[in-house]
Amino acid sequence: MLSHKLSNLKNLPSLTPDKDWMEKTRYELLAEISAQSKMSRVQRLTLSERADLFFSTALRRFMPSLTRMIAAFLIISLGSGVAFAAQASVPGEMLWPMKRSMEQAELSLTFSQVKETEIHLKHVSTRLGEIDKILEDNTLESTDSVSKEKAINLAVRHLEKDVAGADASLKIVKEENRPSEVVALVKKVTAVTKEVKTTVKEKQDIVSDKVIGNVLKDAAEASKKVNDSAVSLAVQVHEEVVAASNMKPQDLAEAVATGTVSVETSKVDQQELQAVKDGVKAIVENEIKDASLDIQDIKIKTEAVKAEDLAKVKDQVIGSEILQQGEVEKVIKEMLPQTAELKLDQAKVLLQEGSIKDAMTKVTETKEVSQKAEAVLQKLDQIVSDSQNRAATTGVRATSTIPLPVSTTTPFKKIEASGALDGQNLSSSTLPLVKPEDLIKF
9 MLSHKLSNLK
19 NLPSLTPDKD
29 WMEKTRYELL
39 AEISAQSKMS
49 RVQRLTLSER
59 ADLFFSTALR
69 RFMPSLTRMI
79 AAFLIISLGS
89 GVAFAAQASV
99 PGEMLWPMKR
109 SMEQAELSLT
119 FSQVKETEIH
129 LKHVSTRLGE
139 IDKILEDNTL
149 ESTDSVSKEK
159 AINLAVRHLE
169 KDVAGADASL
179 KIVKEENRPS
189 EVVALVKKVT
199 AVTKEVKTTV
209 KEKQDIVSDK
219 VIGNVLKDAA
229 EASKKVNDSA
239 VSLAVQVHEE
249 VVAASNMKPQ
259 DLAEAVATGT
269 VSVETSKVDQ
279 QELQAVKDGV
289 KAIVENEIKD
299 ASLDIQDIKI
309 KTEAVKAEDL
319 AKVKDQVIGS
329 EILQQGEVEK
339 VIKEMLPQTA
349 ELKLDQAKVL
359 LQEGSIKDAM
369 TKVTETKEVS
379 QKAEAVLQKL
389 DQIVSDSQNR
399 AATTGVRATS
409 TIPLPVSTTT
419 PFKKIEASGA
429 LDGQNLSSST
439 LPLVKPEDLI
449 KF
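Letter by letter, the sequence shown follows residues 9 to 450 of the numbering used here.
What follows is the structure, given as structure tokens:
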């Protein structure tokens, strides 16, 4: 059914897929192709099919796209001086597109998935440097054609692409390389994602612009997903290697034949097995440290919450529960931090016992509790902010009321019918008399 639908695609009047979608999907397809290629060991391929498989793999590795080849040619043609200047550019500057073309050309001319992952990580660090430079440049907004917000947004979007590219390449590495190489590469990926987390947090603390703050938050979220994915991959490799090491030779051979265990995993000796165990244990230990820091950060934030601010919360959704006002303070200040610390302690014990997978499960649960607490605190901040804005608006309306002017004019005295004013005869009054002919002049 699926093949029939795919074959009908060529009959459509126009097929113009988005370039970014093509780039992202390429990695996913290659990962899936690599994973399924293990099954070819138990399938009898014809000579024609073997030739097709060989040439499709060779073309992918040794023939970069025409666009990237042209980009590489242009970079070389323009000379090293311009290329060097482009390396110092940031989003919003004229040479920055050339810089990105150079980076794409570098990826195109790389034939190793391990090296490709490392290049993506290098580009992530480059994006962080660009974000640093943009935020520190106070003249960017007034001298360039794009605003600081747009420049930051562009840098972050490309950072997300580089992070996603590293994640996709890493998954292919798992299928094609030795377990120890995969674990070593995961360490590099997690180191970079933690650098992103630290840098973004520092910038969020000093940035007052709400738009830039939201963009940086997106970068943190994208980096977190890749970090979790990489750690999960390392744990998976650990479980596969340990399981293979406990198999009898006959069972291992059968597992390799059916594709349950990869050939590379089956070749792991005791020395490499220990290297994988130590490497993954170190990765999980770092995750525990990060989770512990997150808990401490949450506790500091909850202790800073004022009672009068909590009083403004009528009720609050915590997970699937709706808590009343009095319960919110208990959940924020006691239950969530205590729950997170308890799960983290359990993770430490499991890790010492050698239960890597179970320990990582507890770390994940700890992170979920911390995220829940963070979400509640953000909601509380929003409620307080909205309350302050309403109070400020009400105050402006109250103080901007224009008072009615107080009249200082003395009211006219009543003129008696006799024509006298305050008992005086008009003829003897000192007030000038207006003649009838003078009235016409008015």
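In this text, a Cβ means the ideal position worked out from N, Cα and C, and glycines have one as well. It should be emphasised that the depicted structure is a prediction, and the values quoted were computed from it without experimental measurement.
Suppose the cutoff is 6 Å on Cβ atoms and the five residues either side in sequence are ignored; what does the same chain contact list for residue i look like?
i: L385; result: K309
i: S415; result: With a pLDDT of 47 at S415, under the threshold of 50, the modelled position of this residue cannot be trusted; read the value that follows with caution. Counting only Cβ-Cβ distances below 6 Å, and skipping sequence neighbours, we find nothing.
i: A227; result: V164, L167 and V208
i: Q354; result: K370
i: M106; result: A94
i: E373; result: K351
i: S150; result: Residue placement at S150 cannot be trusted, given a pLDDT of 44 that sits under 50; what the coordinates show is reported in the next sentence. Answer for S150: no residue qualifies.
i: A230; result: E168 and V171
With a threshold of 7 Å on Cβ separation, who are the neighbours of residue i within its own chain once the five nearest residues in sequence on each side are excluded?
i: D60; result: Its pLDDT being 49, under 50, D60 is placed unreliably by the model, and the measurement read from it follows with that caveat. Nothing listed; no residue qualifies.
i: I364; result: V243, H246, V288, K289 and V292
i: K223; result: Checking the displayed sequence, the identity of residue 223 turns out to be Val instead of Lys. These residues qualify, in order along the chain: I160, N161 and V164.
i: P72; result: Note on P72: pLDDT 49, under 50, position unreliable in the model; the coordinate value appears next. Within the same chain, P72 has close Cβ partners S116 and L117.
i: I127; result: E114, L115 and T118
i: W104; result: S97 and V98
i: Q360; result: none
i: E138; result: V98, P99 and A163
i: A93; result: L103
i: V249; result: P187, T273, V276, L281 and V284
i: A367; result: V292, A355, L358 and L359
i: G362; result: none
Just to confirm my understanding: we take residue i, look at its own chain, exclude 5 residues before and 5 after, and list those with CB closer than 8 Å. What are they?
i: I142; result: V98, P99, G100, L148, K156, A159, I160 and A163
i: A283; result: S188 and V191
i: V197; result: T125, L129, A174, D175, L178, V234, N235 and A238
i: R186; result: E272, K275, V276 and E280
i: L412; result: Low local confidence applies: a pLDDT of 46 at L412 is under 50, so the model's placement there is unreliable, with the coordinate-based value given in what follows. Answer for L412: no residue qualifies.
i: G221; result: Q212 and V215
Does the Cβ-Cβ distance between residue i and residue j come in under 8 Å?
i: H131; j: E144; result: no
i: M255; j: A265; result: no
Would you please state the rounded distance, in angstroms, between the beta carbons of residue i and residue j? I believe it to be under 8 Å.
i: V200; j: S133; result: 7 Å
i: I180; j: Q121; result: 5 Å
i: L281; j: S300; result: At roughly 29 Å, the Cβ-Cβ gap does not stay under 8 Å, so L281 and S300 are not in contact.
i: L241; j: V194; result: 6 Å
i: L388; j: V313; result: 7 Å
- Would the stretch 304–311 and the stretch 377–387 be scored as touching if the rule is three or more Cβ pairs under 8 Å? With the cut-off at 8 Å, the stretch 304–311 and the stretch 377–387 touch.
- Decide yes or no for the touch test of the stretch 288–299 against the stretch 229–246: beta carbon pairs closer than 8 Å, at least 3 of them. Taking 8 Å as the limit for Cβ pairs, the verdict is that the stretch 229–246 does touch the stretch 288–299.
- Task: Indicate whether the contact test is met: 3 or more Cβ pairs, each with one atom in the stretch 168–183 and one in the stretch 196–204, closer than 8 Å.
- Result: Flag = yes, the stretch 168–183 and the stretch 196–204 touch.
- Task: Could you tell me whether the stretch 252–272 touches the stretch 348–355, where touching means 3 or more Cβ pairs closer than 8 Å?
- Result: The stretch 252–272 makes no contact with the stretch 348–355: fewer than 3 CB pairs, one atom from each, lie closer than 8 Å.
- Query: Given 8 Å as the limit, is there contact between the stretch 207–217 and the stretch 246–259, that is, 3 or more CB pairs closer than that?
  - Reply: Output reads no: the stretch 246–259 does not touch the stretch 207–217.
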